[in-house]
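Participant:
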Amino acid sequence: MDDTVPAEQSQFLAFDFGLKRTGVASGNRLTRSATPQGTIRAEGAARWAPIDAQVRQWQPDALVVGIPLHPDGAEHENTRRARRFARQLRARHGLPVYEVDERYSTTEARAAGARDTDAAAAAIILEQFLRNLA
């Protein structure tokens, strides 16, 4: 993650990217908290319309994408897919996109009893990002 997030970036939208489901959460720098906003259940190009709608609705200053890694930090195929998704978000919306290590976010969401695991994982990812802001 880039530790030089400008102070004027205060509203964020986060994504827990998956091939079939993408969790979404919104949050802000002031409260350093995030709220799950649901899961987009769409694959490929079909996911872009609901993602674009979320970005229009929330008007974030920047976007955050969870990047999956193996427990030892090694990359795998889903790491590359999530980074590609982050690049596509940047190109589509012209907003800064920050990548966050998302290891164990889904496990944490399940352990907390989340009804919508993907959206809860996106909130966990965003709160981790917000906690690390200066």
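The numbering used here numbers the first residue of the sequence shown as 399 and each following residue consecutively. Backbone N, C-alpha and C define an ideal beta-carbon position, used for all residues, glycine too.
1) Within the same chain, show all residues whose beta-carbon is closer than 8 Å to that of residue 477, passing over the 5 residues directly before and after it, in chain order.
2) Taking 8 Å as the threshold (C-beta atoms), are residue 515 and residue 509 in contact?
3) In terms of residues, what are the limits of the alpha helix (DSSP H) holding residue 503?
4) So who's on the other strand from residue 460, going by DSSP bridges?
5) So the beta strand (DSSP E) residue 423 belongs to, where does it begin and stop?
6) I'd like to confirm the pairing. Which residues does DSSP put opposite residue 432 in its beta bridges?
7) Using C-beta distances below 6 Å, list every residue in its chain close to residue 403, excluding the 5 sequence neighbours before and after it, in chain order.
8) Just checking, does the stretch 423–443 make contact with the stretch 481–494 on the three C-beta pairs under 8 Å criterion?
9) Sort 513, 481, 503 by Cα distance to residue 527 and report the nearest one.
10) Unbroken alpha helix (DSSP H) runs of length 4 or more, entirely within the stretch 465–520: which are they?
Facilitator: Walking through what the data contain:
1) Taken in chain order, the residues that qualify are 465, 466, 467.
2) Taking 8 Å as the Cβ cut-off, residue 509 and residue 515 do not qualify as a contacting pair.
3) Taken as a continuous stretch (DSSP letters only), the alpha helix (DSSP H) holding residue 503 covers 503–509.
4) Residue pairing from DSSP places residue 460 in a beta bridge opposite 410.
5) Per DSSP, residue 423 belongs to the beta strand (DSSP E) from 420–426.
6) According to DSSP, which records beta bridges pairwise, residue 432 is partnered with 425.
7) Counting only Cβ-Cβ distances below 6 Å, and skipping sequence neighbours, we find 531.
8) At 8 Å Cβ cutoff, the stretches do not touch.
9) The shortest C-alpha to C-alpha distance from residue 527 to any of 513, 481, 503 is the one to 503.
10) Taking only runs of at least 4 residues, the alpha helix (DSSP H) segments lying wholly in the stretch 465–520 are 475–491, 503–509.
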